[in-house]
Amino acid sequence: MKKIEILKIDSLNRAPLIIEGYLFEGSDPDAPSVAIVGAMEGKTIIPLYTASKLVDFLKNGIDDSSKILGNILVIPSINHYALNINERFWPLDKTDINMMFPGYDQGETTQRIAKKVFDALEGYTHGIILKTRNDLSTCMPYIKLFQSGYEDLKDAKKFGFRIIHHKELKPTDTVSLQYNWQLWGTKAYSIICPNVNHVNTATSNEVLEGVINFLSKKKIIKYKLLSGYQSTIIRKPDIEIIKTPKSGIFIPTKKIGAYVAKDEMIGKIVHSLEGEVVHRIFAPCNGLIACHYKNALIFENAVAFRVVKSG
Amino acid sequence: MQTTEIFSSQLPVGEILSIKRTRFEPTKKKEGAKRISIVTGIHGDELEGQYVIYLLAKWLQENQNSIHGIIDLYPAVNALGVDSITRGFPIYEVDLNRAFPGGKHEFLPGQLVHALSLDVQGSDIAIDIHSSNIFLREIPQIRINKEFSPTTLRLAKQLNCDFIWIHDAVTVLEATFSHTMNSLGTKTLVVEMGVGMRLTKEYGVQLLNGILNLMKKEKIIITDEKFEARKPFSSEVGDVFYLNSPTSGLFVPELDHCAVIKKGEKIGTIVNPLDGKVLHTLYAPNGGILFTLREYPIVYEGSLIARIFGNNNEKN
Ligand SMILES: [Zn+2]
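Taken in sequence, the protein lines are chains A and B. Everything in the first sequence is counted per this note's numbering, starting at 2 for the first residue and increasing by one. Everything in the second sequence is counted per this note's numbering, starting at 20 for the first residue and increasing by one.
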């Protein structure tokens, strides 16, 4: 394992930001290679936790380093500055690094960060981006692949997550890492992680298992792990969006990952000043709860649940 | 004059979010008269437009008889942001100007911008007033997407601004208010002026004159009052030069914003208060007009310090 410095930025009042990557060199020059990007933003923990546990797994969990066949680069965190003060974006100007790709070395700070990170990521056959949802919901881990014309849906199944979300490309997605990485010839996948700020060892390792599954099935490492799910590819028509007509205190009564039956109660809204239940949320169809709103205080017409339809 | 709610949402705890629009129109409807919408506060930390809209509403109140078309005013699109010094939509941390056109079934920021686009739709002209951000100070200028310049440039020249910046089409900017409205057939102009979190009174008066001038030319108001429109310089006949900070530190400006400067002139220094040392001295990369200048003094490597508009082969 080699630690490589990807970039260093000085700050007037904080210690320099040093972004490092952990490079595990493979024993087989013909094996595919992969780069994994952890936390690009703060206020959430699973991308950071997963990437750091992956470093530990590759360093200490594999008994023989020759079982690492292809080159693996892990960058656990890009945005230490945000993570350390519970900000989500770049703390000075609040810009999102994932809106700055492919980056620009003469531009603004976060464009420069994106450029140096992108340079370090170039040339890998595969790329994995650990992210959380951009809205205020949390979800079961799933793969997000843009409908960009470069996506590899077949390989996306090798992670073994239950869902692959094949998502329409929006204008703002054209400056994301996934899109640009693919444009530059890397098969990139985003793993959307639960959007939480604590680690629950029972579920937090799911993402790590998915990454290890992928590495092993792509023969980047030689390691046996129980296979995951046969992933289902879902698109917009497969998802039922359930909104709350009332704002208030949101209490989900069914968990993410649970199958629910049509008309089953899955959550409720409590009046924030008077305590009574002002709305009950029922499943509009049979299906699987993939996401729900992550905060207790919910807005009117906010998406409370996303259910993947079944039947 | 009538104020209406264009969007409302019951917030979780005892409060209603309400986005308002005030309409001025003649007492008797005029056939073929045009409609203009003036929008501001899409970014919650930009307040210069609020002052412009105040001045405009005051003028229209005092000159009711001059009103010939429909004038719609939207002073605080991101109302929660404006009142909490938050640029994006609070909690969601979403830039509303990257959320257009939005939709009825989207998250709250998307619902809000959708309601705004529906309400503005049908206007002949829209003006979206921004005030840069808290980091930079800008002279009054119009930003125009090249794609729409054949229809919007003519109007931009009426707005009494100092600079018209025509930029190339960028995919990510398709999610802005101006791109959305231009695509829907409303000729939409983006004004950038002043600085975030502050009012620059002379700029407010300058743009008020420009808006009145444009409305008079378009016969939205009919009045004998004369409004000057200064001749802007335009990016068609020169280049924009960027100066980004080469290092992190405290930026101390040497020049006034809006100054005409020569190549190599000192713009400022980056210093370190801890040891009293100058880390870097910044010089103009080209002669011209200093139309953007750093206002917030803490900088990182890459932070924008200045933009200069000038002629590439300028010898002065
Ligand atoms: Zn703005």
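We treat Cβ as the ideally placed atom computed from N, Cα and C, and that holds for glycine. Please read all numbers here as calculations on a predicted model, not as lab measurements.
| Asked | Found |
| --- | --- |
| Residues that DSSP places opposite L8 of chain A in a beta bridge | A:I20 |
| Cβ neighbour criterion (16 or more within 10 Å) applied to Q83 of chain B | exposed |
| Closest residue to A297 of chain A among A:M266, A:Q148, A:I252 and A:V279 (Cα-Cα distance) | A:I252 |
| Cβ-based contacts, 7 Å cut-off: residues of the region 20-48 of chain B near chain A | S28, Q29, L30, P31, V32 and G33 |
| Alpha carbon of R162 of chain B to alpha carbon of S264 of chain B, nearest angstrom | 24 Å |
| I185 of chain B - DSSP class collapsed to helix/strand/coil | strand |
| 8 Å Cβ cutoff, V101 of chain B in contact with chain A | no |
| G268 of chain A: first and last residue of the uninterrupted beta strand (DSSP E) it sits in | M266 to V271 |
| Short-range partners of chain E found in the region 9-22 of chain A, where Cβ spacing is below 7 Å | Within the model displayed, chain E is absent; protein chains A and B are what it includes. |
| Nearest-angstrom Cβ-Cβ length linking L155 of chain B and R42 of chain B, presumed shorter than 8 Å | Actually they do not touch by this definition, with Cβ atoms about 33 Å apart. |
| First through last residue of the beta strand (DSSP E) which encompasses L262 of chain B | D258 to N263 |
| Under the three-state DSSP convention, the category G147 of chain A falls into | Rather than Gly, the amino acid found at residue 147 of chain A in this sequence is Phe. F147 of chain A: strand per DSSP, three-state reduction. |
| Span of the alpha helix (DSSP H) around E24 of chain B | Here E24 of chain B belongs to no alpha helix (DSSP H); instead the beta strand (DSSP E) covers Q21 to L30. |
| heavy atom of ligand 1 below 7 Å from E65 of chain B C-beta | yes |
| Of the listed residues A:G288, A:M100, A:L274 and A:N214, nearest to T175 of chain A (C-alpha basis) | A:M100 |
| CB contact below 8 Å: H124 of chain B versus chain A | yes |
| Between the CA atoms of N331 of chain B and P109 of chain B - distance to the nearest angstrom | 42 Å |
| 3-residue-minimum beta strand (DSSP E) runs that sit fully inside the region 265-325 of chain B, ordered along the chain | 268-272, 285-291, 296-302 and 307-313 |
| contact_flag[the region 288-302 of chain A, the region 254-265 of chain A] where n(CB pairs < 8 Å) is 3 or more | yes |
| Chain A within 8 Å of Y353 of chain B, Cβ atoms only | No information on residue 353 of chain B is available, as it lies outside the stretch 20 to 335 that chain B covers here. |
| For Q225 of chain B, the residue or residues it bridges with in DSSP | Answer by DSSP bridge pairing: none, since Q225 of chain B is not bridged. |
| Contact belief for V279 of chain B with I308 of chain B at Cβ below 8 Å, rounded distance in angstroms | 6 Å |
| Contact residues within the region 132-158 of chain A, judged by C-beta distance below 7 Å to chain B | D136 and L137 |
| Alpha-carbon to alpha-carbon, S136 of chain B and K123 of chain B | 11 Å |
| Contacting residues, own chain, Cβ-Cβ under 8 Å from I299 of chain A (five flanking each side not counted) | T245, S248, G249, I250, F251, I270 and A305 |
| Buried or exposed by the 16-neighbour rule on C-beta atoms within 10 Å, applied to E24 of chain B | exposed |
| Beta-carbon spacing of L115 of chain B, L92 of chain B below 8 Å | no |
| Near-chain A residues of the region 257-269 of chain B - C-beta to any C-beta below 8 Å | Y261, N263, T266, S267, G268 and L269 |
| Where T336 of chain B meets chain A, residues with beta-carbon distance less than 7 Å | The first residue shown for chain B is 20 and the last is 335, placing residue 336 of chain B beyond what the model contains. |
| Cβ-heavy atom distance, I104 of chain B to ligand 1, below 7 Å | no |
| Pair within 8 Å by beta-carbon distance, W1 of chain A and G128 of chain A | With chain A running from 2 to 312 in the structure shown, residue 1 of chain A is simply not present. |
| Inter-residue spacing [alpha-carbon to alpha-carbon] between N335 of chain B and V96 of chain B | Interpretation of N335 of chain B is limited by its pLDDT of 41, a score under 50 that renders its predicted location unreliable; the figure taken from the coordinates is listed afterwards. Those two C-alpha atoms are separated by around 44 Å. |
| Any C-beta of chain A under 8 Å from that of I89 of chain B | no |
| beta-carbon H62 of chain B near ligand 1 non-hydrogen atom, thresh 7 Å | yes |
| Per-residue DSSP class, three states only, for P159 of chain B | strand |
| Beta-carbon proximity list for Q148 of chain A, same chain, < 8 Å, skipping 5 on both sides | H167, K168, E169 and L170 |
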